[in-house]
């Protein structure tokens, strides 16, 4: 397969262009002789699987070990390698004890196989080379997926639950669905879940099944290999689709968290804690309902991500019992010392659950609650200011103004006569002035005509020529 990828444009559908570019660079220096190769074949000896098994045994020079027996060295392409034949079955009947614990004639112990792979990964190779362990079935989905689930739960007990391991297995190492994928069949998942119970893991099949009282709040954690700038990193806690909704029966459920890195992030681990123990001063008051979550993206500062989205749902019957309209739900985030509303959109209502998407610039405490209506603000009509006129003093009635008197010093010994007060004549008004002018004009014209008449009377001959 490495040769096929290296020498052609072939690319598995679940590998992005960026991953393909990195793979090309890695394969340029890859050499199988640098590794101690161990192949674990999970296929059984029934036709047609037996045909594939016979080819593998022949390629290793006929050397093969069965189940958890001691390894038998063989050769592969001129180099020493090991082939382990460890077929596992499907648990379809509900009781998985035999398939889980017994190395039989037909199947090997699933429990022992996970322990064997773990030991081989932890041991130091006697050849001094790095170990390359490749396990497979025919399709790479059911038995291979089942072993992947068990290995992740065994080796990452603090960070990997059964549900998260199933997500990794069905999406082939990703937390979001590739263009083409197939989940492990139910028989493989049943066997892996039985193994989870045997190792005291977190074995809930959905996030809603983890509900417990507040004395032991449940944790959900998803690991991710990392992400590059602008490439979506998805964490799936409880899946759903727009047509069938979700199988969750919880009142509130976190389904997906989508993160877009603004910088390259390495091994980001997202942890969701339901009903975290928060101090009383942080709790919301005056709300109809509150559901708290602590969501942390470990190893990644907020500055390394663009706004992320959280998808959650609420059971319709729960909203009706409160009662709250679906559009009145909001998610809030604790920022420094207060709760801040996030942009929360009601996406759809499907099969009795209301599904929402909230956008957040970072991670901390969150609460799903109801909106509080903002009372309308009544704007008062502005009252124009009244201009005050300057106060004016009214003149005293019938009191003539007196001219300013300048004292005159009289010669010594001569008594000064008493001053004579003459009333001041006020200036004529406009109408009176006009009347005076008209009267003066009439008087002037009358005098002129009278004088002319008199002269004519005295000299009739002189004025007769001019008539």
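Residue numbers (our numbering): 21 to 487. Glycine included, C-beta positions come from ideal geometry on N, C-alpha and C.
Spatial distance of residue i from residue j (CA atoms)
i, j, result
"residue 359", "residue 151", "51 Å"
"residue 55", "residue 209", "32 Å"
"residue 297", "residue 177", "23 Å"
"residue 132", "residue 76", "22 Å"
"residue 232", "residue 380", "Only weak support exists for where residue 232 lies, its pLDDT of 40 falling under 50; the coordinates are left without a value."
"residue 102", "residue 110", "25 Å"
"residue 299", "residue 357", "12 Å"
"residue 350", "residue 280", "22 Å"
"residue 171", "residue 333", "31 Å"
"residue 344", "residue 206", "38 Å"
"residue 51", "residue 169", "29 Å"
Spatial neighbours of residue i in its chain, beta-carbon cut-off 6 Å, leaving aside the 5 residues before and after
i, result
"residue 105", "61, 84, 86"
"residue 100", "93"
"residue 148", "none"
"residue 271", "335, 338"
"residue 311", "272, 388"
"residue 118", "none"
For residue i: DSSP bridge partner residues
i, result
"residue 254", "278"
"residue 329", "278, 379"
"residue 100", "95"
"residue 121", "Answer is none; residue 121 lacks a bridge partner."
For residue i, three-class secondary structure by DSSP
i, result
"residue 1", "Lying outside 21 to 487, the shown extent of the chain, residue 1 is not represented and no answer is given."
"residue 93", "strand"
"residue 379", "strand"
"residue 150", "strand"
"residue 310", "strand"
"residue 261", "strand"
"residue 323", "helix"
"residue 489", "This structure gives no information on residue 489, because the portion of the chain shown stretches from 21 to 487."
"residue 493", "It is not possible to answer for residue 493, since the shown part of the chain is limited to 21 through 487."
"residue 167", "helix"
"residue 215", "helix"
"residue 62", "coil"
"residue 502", "The requested residue 502 is not part of the displayed model; the chain covers only 21 to 487."
"residue 81", "coil"
"residue 291", "strand"
Beta-carbon proximity check, residue i vs residue j, cutoff 8 Å
i, j, result
"residue 266", "residue 275", "yes"
"residue 214", "residue 128", "no"
"residue 315", "residue 386", "yes"
"residue 64", "residue 107", "yes"
"residue 123", "residue 88", "yes"
"residue 160", "residue 211", "no"
"residue 189", "residue 204", "yes"
Contacting residues, own chain, Cβ-Cβ under 7 Å from residue i (five flanking each side not counted)
i, result
"residue 441", "With a pLDDT of only 46 at residue 441, under 50, the local geometry of the prediction cannot be trusted, and the value read off the model is given with reservation. Contacts found: none."
"residue 174", "134, 138, 219"
"residue 283", "249, 324"
"residue 164", "62, 155, 156, 157"
Contact with chain D by residue i, beta-carbon distance below 8 Å
i, result
"residue 150", "Here chain D cannot be found, since the structure has a single protein chain."
Cutoff 8 Å; reference residue i; Cβ partners in own chain excluding five residues on either side
i, result
"residue 392", "306, 307"
"residue 336", "346, 369, 372, 373, 374"
"residue 342", "308, 309, 390"
Check: residue i C-beta below 7 Å from any heavy atom of the ligand MN
i, result
"residue 82", "Looking at this structure, you won't find the ligand MN or any other ligand, since it has none at all."
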